[in-house]
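Participant: Questions regarding the structure given below will be posed in turn.
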Amino acid sequence: MALATRTARPPSLIGSVWRSTVGKKAVMAVTGLIMLAYLVAHMMGNLKVFFGAGEFNHYGHWIRTVGEPFLHREWFLWAARAALSVSVVLHGVAAYQLSRRDLAARPAKYAHKRPRASYATRTMRWGGVILGLFIVWHVLDLTTLTVNPNAQEGRPYENLVASFDRWYVSAFYIAAMLALGLHVRHGFWSAAQTLGAGSPRRDRALKFLANGLAALLTCGFIAIPVGVLTGVVS
Amino acid sequence: MNLTLRIWRQRTPEAPGAMTTYEVTGISEDMSFLEMLDHLNEELILSGDEPVAFDHDCREGICGACGMVINGRAHGPERTTTCQLHMRHFRDGDTIDVEPWRAAAFPVVKDLVVDRSAFDRVIGSGGYVSVPTGSAPEAHATPVPKAVADLAFEHAECIGCGACVAACPNGSAMLFTSAKVVHLNVLPQGAPERGSRVLDMVAAMDDEGFGGCTNTGECATACPKGIPLQSIAHMNREYLRAVVKGGRGR
Amino acid sequence: MSPFAPYSHYTVGAPLTDTAAPGGPVAGRWDRRRFEAKLVNPANRRKHTVIVVGTGLAGGAAGATLAEQGYRVVQFCYQDSPRRAHSIAAQGGINAAKNYRNDGDSVHRLFYDTVKGGDFRARESNVHRLAQISVEIIDQCVAQGVPFAREYGGLLDTRSFGGVQVSRTFYARGQTGQQLLLGAYQALSRQIDAGGVEMHARTEMLDLIVVDGRARGIVARDLITGRIETHLADAVVLASGGYGNVFHLSTNAKNSNATAVWRAHRRGAHFANPCFTQIHPTCIPRSGDHQSKLTLMSESLRNDGRIWVPKAAGDTRPPAAIPEDERDYYLERAYPSFGNLVPRDIASRAAKNVCDEGRGVGPGGQGVYLDFADAIARMGRAAVEAKYGNLFEMYERITAENPYEVPMRIYPAIHYTMGGLWVDYDLQTTVPGLFAIGEANFSDHGANRLGASALMQGLADGYFVLPSTINDYLARHPHAQVPHDHPAVAEAAGEAADRLRRLLEAGGDRTPESFHRELGELLWDECGMSRTESGLRKALERIPELREEFWRRIRVPGTGEELNQQLEKANRIVDYLELAELMCLDALHRTESCGGHFREESRTADGEAARKDEEFAYVAAWEFTGPGNAPVLHKEDLRFEYVHPTQRSYA
């Protein structure tokens with residue numbers, strides 16, 4: 001009798017989730033949302049730069065002491081760094097693997113070209129690569145201070161101003177933040193879809209939220225180099 | 001009307017293909033796009049050329065057999081199937097590009113004919129309710145709220161034409177797969193296999209070489225039956241639900 | 001063609017009896033047959049191979065069910081996927097005697113309505129079984145997840161259909177056929193995945209293989225590679241649909257064809273009632289010579305639309321400019337009690353008559369108005385839209401006319417063929433081991449099919465009847481292998497290959513389409529909505545000439561070793577050219593009018609169809625004797641013990 005038609009499932013659920021396009025997208029969505037949440041906090045903290053060196057440097061110091069005395073100094077910071085690093089790596093690896101898959105799934109192009117999906121959608125891949133490179137430079141510049149012209153440990157305000165005083169650094173930063181806006185604009189809505197939060201009723205609200213978050217982050221971050229270049233921050 | 005057609009011609013799956021130009025004259029605006037191709041083929045046969053191969057059958061927009069990319073759009077400029085597209089949507093003197101569905105999972109068989117059997121295998125992996133003939137309970141034993149029945153119907157309307165895959169820059173079959181998952185998963189009759197269905201169908205879809213979803217929305221725009229993009233979100237939700245519940249069962 | 005036996009000089013052979021049908025009270029016959037039928041031990045079923053040709057409602061349901069039972073099923077469809085079979089295009093609904101409305105419906109009433117609707121040319125035993133099984137079909141389909149229309153309370157909705165007085169039609173918007181077919185397709189897909197069904201899509205049956213008098217396999221062509229293959233089995237089931245495409249323009253899918261049934265007929269299966277063809281009154285008229293097929297709109301439109309033509313012939317004013325008193329609502333005038341809801345055959349003929357009088361509307365005068373102005377005034381546009389919105393949309397897409405403002409134009413078109421291979425109560429043809437189910441057989445609809453009955457019959461045959469009756473045949477014929485090099489196998493494959501080679505080598509100057517169109521026009525004119533002796537004789541003279549011209553002038557490009565759609569088409573026309581002749585002969589011999597068959601010579605005083613029960617209460621089963629040779633007629637007498645024949649009256 002051919003009534004039992006099920007075949008055995010691959011033993012590991014996590015393995016099959018990671019192998020599937022839907023599962024991998026879910027990993028991207030979750031890690032993306034983690035990074036997005038971090039960015040919102042990061043931006044809010046950074047805006048303290050407009051309240052002067054004292055307040056900004058105090059904030060920089062506080063980050064290292066969060067959770068004390070329960071946590072040891074910098075434990076929170078390192079935990080956050082670890083979570084972000086894992087997120088970046090998973091997000092990037094999944095994106096790379098999915099992109100390869102997607103390109104292989106459509107090997108032949110149409111002879112008749114026409115404009116397709118929105119700008120933000122089409123720039124997800126290159127935008128992601130730009131953001132990845134930016135993160136590397138950003139860490140070297142303002143975290144490890146390797147390429148920072150001021151490079152004073154514990155003086156983030158002065159390091160920041162010194163870095164943004166160079167117009168090309170600010171320009172690169174602004175370009176990266178515009179890429180970030182586009183990335184978040186499609187990425188947030190896309191993550192909601194991927195995690196199954198999308199529904200006909202919520203669609204407008206989600207798109208509005210995505211645009212709002214993208215605008216907020218882009219404007220918030222860009223305000224800093226603009227402030228430095230215009231002398232508001234010095 | 002008179003038209004210039006540029007049509008993808010490819011003799012065999014292995015042979016290289018090319019866009020070939022044909023002039024057609026005396027086209028009536030009441031003709032369907034396929035009748036216009038019939039007209040071209042009649043002329044090609046009589047002039048000793050090979051007629052253009054294309055899939056078609058019911059010509060009423062329901063069997064899902066026809067499908068070609070017309071001027072870069074799956075099924076052409078109107079939101080309908082190719083057989084229900086009429087020449088009145090074109091202008092005299094137009095040049096029209098006609099290409100087959102493009103996707104790694106839909107290899108070209110000949111000219112505009114592609115192999116869509118991957119869709120059948122995705123359905124076979126779980127797109128059903130396991131109810132052998134004769135074992136069904138009385139139809140009124142399980143009432144189904146009208147809203148649920150309507151939601152199921154909206155997704156069951158999929159005709160399996162493949163326009164979603166053709167339109168997707170990633171050659172993804174998410175809209176097709178999600179239409180069947182949602183159709184069956186929202187109904188009480190489909191509940192016992194709810195988890196395994198979505199896991200198996202997604203795995204089968206991936207195995208066939210379709211790409212992943214990047215939420216460009218091209219699929220839902222091309223779908224002649226109006227399967228909504230949210231269908232994909234719904235399937236993702238079903239997938240994650242199945243994972244959280246440990247994979248199988250409800 | 002032998003000049004000594006003109007085709008119309010048929011002979012009458014021995015009467016045919018349905019030996020499989022049990023006796024006793026009609027309500028107990030199906031139970032009795034199921035009990036008396038031999039069974040195959042579940043452990044032995046896997047040894048039996050059953051070939052199923054076609055994957056529509058009947059074939060899809062049969063393939064899935066036989067595989068569930070444990071048989072090895074090898075199934076074929078010419079489409080690229082079993083999901084595309086033409087059952088998918090059925091719109092209206094499916095009848096079932098559930099009596100959920102408590103409106104007086106019952107199995108017996110459905111049985112009664114169907115025998116009467118078929119104009120007393122169907123078997124009582126078969127129709128009663130159909131009515132009994134109808135209730136199980138709904139259960140099965142609901143369990144599969146078929147999203148039937150429901151009411152707010154969550155229960156299934158039903159509607160009255162085709163002028164029937166009870167609400168027994170279950171539906172899924174205007175796509176009932178699609179939803180039922182997808183249910184069967186899903187069940188079939190499950191069995192394909194499990195290995196119970198070996199599915200050959202894009203493969204077309206070209207001939208039947210008969211070994212020692214029994215059907216043992218088919219010859220089929222892989223439409224992609226062009227390879228001609230032979231497939232052997234213990235039994236063969238044809239579920240290949242009807243032959244409406246003989247008419248070229250019909251509501252059938254473009255590739256629906258008669259090759260499987262016709263080749264089976266040539267191998268010994270009798271063909272029953274080929275002249276019983278149904279013409280559907282509400283199709284969209286043709287817009288020009290380019291027309292490749294006709295599109296049907298659901299009959300439900302006649303519930304609210306009013307049908308009319310101008311009173312004066314040759315009135316070419318736009319409809320809005322024709323005042324009320326210059327319009328002829330001819331159905332309401334001639335049939336006051338049923339009005340626009342008269343049965344399909346009557347509505348179709350009336351439309352033809354007014355068009356023949358020169359009062360038809362639209363291009364070529366081949367159309368009548370179906371006007372919703374009154375309905376919109378009465379119910380409001382929103383209510384009309386809710387009820388018929390999708391049909392109006394479809395109409396507008398095809399014609400570019402807005403039916404909310406301009407009346408629709410409709411014209412009848414060939415829609416369904418009641419005739420088909422003769423089968424006994426077990427659905428077995430006159431070739432042992434060859435079964436025919438669904439529209440491919442002739443069994444249940446008599447001379448006229450009622451609305452929403454085709455889906456019921458296809459699924460009844462596929463899910464419930466055949467899987468029970470085929471056991472009996474298989475149990476009585478233990479599996480015995482036929483060697484692939486058996487002469488009968490090689491001969492059938494060789495013949496098919498020869499036929500294709502001849503088509504490819506003819507190198508003439510006419511396309512397959514041109515012959516199909518010419519044959520279709522001839523048949524529509526002479527063997528369409530109304531038939532006369534002189535017209536049928538004319539067609540019988542013309543068809544052999546056309547056949548001869550076909551072989552002389554056909555041009556098929558390309559080769560046989562590739563996807564060659566023109567070759568497929570030409571090969572189907574070969575069979576149409578023979579089947580058309582049998583249809584005309586059957587129509588000529590049946591000098592009565594009944595159901596879809598209207599002989600102008602057989603009319604009542606007021607011009608309506610006159611049946612001749614004393615002479616023609618039989619099934620005409622034709623035996624093939626050779627191409628162009630007069631066939632032999634075998635009559636199966638019909639006895640009516642429960643529903644007594646009356647002349648239909650809709651005045």
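These protein sequences, in sequence, are chains A, B and C. Each residue of the first sequence is one higher than the last, beginning at 1 in full-length UniProt numbering. Each residue of the second sequence is one higher than the last, beginning at 1 in full-length UniProt numbering. Each residue of the third sequence is one higher than the last, beginning at 1 in full-length UniProt numbering. We treat Cβ as the ideally placed atom computed from N, Cα and C, and that holds for glycine.
For chain B, find out if any of its Cβ atoms is closer than 8 Å to the Cβ of residue 112 (chain A); answer yes or no.
Facilitator: Locating residue 112 (chain A) in the first sequence gives position 112, where the first residue counts as 1. Chain B contact via Cβ: present.
Participant: Nearest to residue 158 (chain B) by CA position, among B:144, B:168 and B:173, is which residue?
Facilitator: Against the second sequence, residue 158 (chain B) aligns to sequence position 158. Of B:144, B:168 and B:173, the residue nearest in Cα terms is B:173.
Participant: Measure from the alpha carbon of residue 588 (chain C) to the alpha carbon of each residue in C:545, C:614 and C:523, then state which is nearest.
Facilitator: Here residue 588 (chain C) corresponds to residue number 588 of the third sequence, with the count starting at 1. If we check each option's Cα against that of residue 588 (chain C), C:523 comes out closest.
Participant: Sort out for me which residues DSSP pairs residue 434 (chain C) with in a bridge.
Facilitator: By one-based count along the third sequence, residue 434 (chain C) stands at place 434. Its beta-bridge partners are C:236.
Participant: Would you mind working out which of C:490, C:602, C:10 and C:209 sits nearest residue 261 (chain C), comparing C-alpha positions?
Facilitator: One-based indexing of the third sequence puts residue 261 (chain C) at position 261. Comparing Cα-Cα distances from residue 261 (chain C) to each of C:490, C:602, C:10 and C:209, the minimum goes to C:209.
Participant: Give the straight-line distance between the Cα atoms of residue 202 (chain C) and residue 253 (chain C), rounded to the nearest whole angstrom.
Facilitator: Residue numbering aside, residue 202 (chain C) sits at position 202 when the third sequence is read from its first letter. Residue numbering aside, residue 253 (chain C) sits at position 253 when the third sequence is read from its first letter. Approximately 15 Å, taken between the alpha carbons.
Participant: Below 8 Å between beta carbons: does that hold for residue 87 (chain C) and residue 63 (chain C)?
Facilitator: One-based indexing of the third sequence puts residue 87 (chain C) at position 87. One-based indexing of the third sequence puts residue 63 (chain C) at position 63. No. Outside cutoff.
Participant: Can you grab the Cα-Cα spacing for the pair residue 18 (chain B) / residue 66 (chain B), in whole Å?
Facilitator: On the second sequence, position 18 is the one that residue 18 (chain B) refers to. On the second sequence, position 66 is the one that residue 66 (chain B) refers to. Those two C-alpha atoms are separated by around 21 Å.
Participant: What residues from chain A crowd round residue 22 (chain B), counting only those whose CB sits closer than 7 Å?
Facilitator: Residue 22 (chain B) sits at position 22 when you count from the first residue of the second sequence. Per Cβ cutoff of 7 Å: no residues; residue 22 (chain B) is ~15 Å from chain A at best.
Participant: Quick one: complete beta strand (DSSP E) runs, 3+ long, within the stretch 299-360 of chain C?
Facilitator: With a minimum length of 3 residues, the continuous beta strand (DSSP E) runs that stay inside the stretch 299-360 of chain C are 306-310.
Participant: With three or more beta-carbon pairs closer than 8 Å as the criterion, would you say the stretch 577-586 of chain C touches the stretch 72-92 of chain B?
Facilitator: Verdict: no, contact absent.
Participant: If we count Cβ pairs, one from each stretch, closer than 8 Å, do we get three or more for the stretch 504-516 of chain C versus the stretch 71-78 of chain C?
Facilitator: No contact exists between the stretch 504-516 of chain C and the stretch 71-78 of chain C.
Participant: Would you mind listing the alpha helix (DSSP H) stretches within the stretch 562-615 of chain C that are 4+ residues and don't spill past its ends, in chain order?
Facilitator: Correct list: 565-589.
Participant: Check the Cβ-Cβ distances between residue 89 (chain B) and every residue of chain A, and say whether any is below 8 Å.
Facilitator: Numbered from its first residue, the second sequence carries residue 89 (chain B) at position 89. Chain A, which has no Cβ nearer than 8 Å to the Cβ of residue 89 (chain B), makes this no.
Participant: Please classify residue 4 (chain C) as buried or exposed, where buried requires at least 16 neighbouring CB atoms within 10 angstroms.
Facilitator: Along the third sequence, read from residue 1 onward, the residue named residue 4 (chain C) stands at position 4. In this prediction, residue 4 (chain C) has a pLDDT of 48, which is less than 50 and means its spatial position is unreliable; nothing more can be read from the coordinates.
Participant: Is there a C-beta anywhere in chain B that falls below 8 Å from the one on residue 200 (chain A)?
Facilitator: Taking the first residue of the first sequence as position 1, residue 200 (chain A) is located at position 200. Yes, contact with chain B.
Participant: Quick test of your reading: residue 127 (chain A) and residue 179 (chain A), contact by CB under 8 Å. State the CB separation rounded to the nearest angstrom.
Facilitator: As a first step, residue 127 (chain A) must be located in the first sequence, where it is residue number 127. As a first step, residue 179 (chain A) must be located in the first sequence, where it is residue number 179. Between residue 179 (chain A) and residue 127 (chain A) the Cβ distance is about 5 Å, and since that is below 8 Å, they are a contact.
Participant: Mind pulling the chain B residues with CB within less than 7 Å of residue 255 (chain C)?
Facilitator: Here residue 255 (chain C) refers to the residue found at position 255 of the third sequence. Ordered by position in chain B, the residues that pass the 7 Å Cβ test against residue 255 (chain C) are 57.
Participant: Taking Cβ positions only, does residue 234 (chain B) come closer than 8 Å to chain A?
Facilitator: By 1-based counting over the second sequence, the position of residue 234 (chain B) is 234. Answer yes: the Cβ-Cβ gap between residue 234 (chain B) and chain A drops below 8 Å somewhere.
Participant: Measure the CB-CB distance between residue 596 (chain C) and residue 418 (chain C) and report whether it falls below 8 Å.
Facilitator: Within the third sequence, numbered from 1, the residue matching residue 596 (chain C) stands at position 596. Within the third sequence, numbered from 1, the residue matching residue 418 (chain C) stands at position 418. Going by C-beta atoms, residue 596 (chain C) is nearer than 8 Å to residue 418 (chain C).
Participant: Distance cutoff 8 Å, beta carbons only. Does residue 657 (chain C) sit that close to anything in chain B?
Facilitator: Residue 657 (chain C) is absent from the structure shown; chain C starts at 1 and stops at 651.
Participant: Please determine, among A:90, A:102, A:149 and A:193, the residue with the shortest C-alpha to C-alpha distance to residue 35 (chain A).
Facilitator: Position 35 of the first sequence, counted from the start, is the residue given in the question as residue 35 (chain A). It is A:90.
Participant: If you draw a straight line from the alpha carbon of residue 276 (chain C) to that of residue 535 (chain C), how long is it in whole angstroms?
Facilitator: Walking along the third sequence from the start, residue 276 (chain C) turns up at place 276. Walking along the third sequence from the start, residue 535 (chain C) turns up at place 535. Distance between the alpha carbons of residue 276 (chain C) and residue 535 (chain C) is about 17 Å.
Participant: Mapping the DSSP letters down to three states, classify residue 5 (chain A) as helix, strand or coil.
Facilitator: Here residue 5 (chain A) refers to the residue found at position 5 of the first sequence. Its pLDDT being 48, under 50, residue 5 (chain A) is placed unreliably by the model, and the measurement read from it follows with that caveat. Coil at residue 5 (chain A), not helix or strand.
Participant: Rounded C-beta distance between residue 407 (chain C) and residue 369 (chain C)? I'm assuming under 8 Å.
Facilitator: For the purposes of this step, residue 407 (chain C) is taken as the residue at position 407 of the third sequence. For the purposes of this step, residue 369 (chain C) is taken as the residue at position 369 of the third sequence. 4 Å between Cβ atoms; contact.
Participant: Taking 8 Å as the threshold (beta carbon to beta carbon), is residue 210 (chain B) in contact with chain A?
Facilitator: As a first step, residue 210 (chain B) is located in the second sequence; it is residue number 210 there, counting from the start. Output row for residue 210 (chain B): interface = yes.
Participant: Check the C-beta distance from residue 308 (chain C) over to residue 327 (chain C) and give it rounded, since I have them as a contact under 8 Å.
Facilitator: Stepping through the third sequence from its first residue, residue 308 (chain C) is reached at position 308. Stepping through the third sequence from its first residue, residue 327 (chain C) is reached at position 327. Sure, about 5 Å apart at Cβ, within 8 Å.
Participant: Does the beta-carbon distance from residue 608 (chain C) to residue 599 (chain C) come in below 8 Å?
Facilitator: In the third sequence, counting from the first residue as 1, residue 608 (chain C) sits at position 608. In the third sequence, counting from the first residue as 1, residue 599 (chain C) sits at position 599. No, these two residues do not count as a Cβ contact at 8 Å.
Participant: Excluding five sequence neighbours on each side, which residues of the same chain lie with their C-beta closer than 8 Å to the C-beta of residue 178 (chain C)?
Facilitator: What you label residue 178 (chain C) is simply residue 178 of the third sequence in a count that begins at 1. Only 88, 89, 90 and 172 meet the Cβ criterion.
Participant: Using a C-beta to C-beta distance shorter than 7 Å, which residues of chain B count as neighbours of residue 101 (chain A)?
Facilitator: Within the first sequence, residue 101 (chain A) is the residue found at index 101, counting from 1. Near residue 101 (chain A) (Cβ distances below 7 Å), the residues of chain B are 211 and 212.
Participant: Less than 8 Å separating the beta-carbons of residue 16 (chain C) and residue 455 (chain C)?
Facilitator: For the purposes of this step, residue 16 (chain C) is identified with residue 16 of the third sequence, where counting begins at 1. For the purposes of this step, residue 455 (chain C) is identified with residue 455 of the third sequence, where counting begins at 1. No; because the gap between Cβ atoms is not below 8 Å, this pair is not in contact.
Participant: From the DSSP output, in three-state form, read off residue 83 (chain B) for me.
Facilitator: The residue labelled residue 83 (chain B) in the question sits at position 83 within the second sequence. Residue 83 (chain B) falls in the helix class under three-state DSSP.
Participant: Hey, quick one: how far does the alpha helix (DSSP H) through residue 69 (chain C) stretch, first residue to last?
Facilitator: Position 69 of the third sequence, counted from the first residue, corresponds to residue 69 (chain C). From DSSP, the alpha helix (DSSP H) with residue 69 (chain C) extends over 57-69.
Participant: In whole angstroms, what is the alpha-carbon distance linking residue 421 (chain C) and residue 107 (chain B)?
Facilitator: For the purposes of this step, residue 421 (chain C) is identified with residue 421 of the third sequence, where counting begins at 1. For the purposes of this step, residue 107 (chain B) is identified with residue 107 of the second sequence, where counting begins at 1. Approximately 38 Å, taken between the alpha carbons.
Participant: Under a CB-based cut-off of 8 Å, is residue 227 (chain B) close to chain C?
Facilitator: As a first step, residue 227 (chain B) is located in the second sequence; it is residue number 227 there, counting from the start. No, residue 227 (chain B) lies away from the interface with chain C (no Cβ there is under 8 Å from its Cβ).
Participant: Identify which residue in C:130, C:110, C:99 and C:226 has its Cα closest to the Cα of residue 425 (chain C).
Facilitator: On the third sequence, position 425 is the one that residue 425 (chain C) refers to. Ranking the options by Cα distance to residue 425 (chain C), first place goes to C:130.
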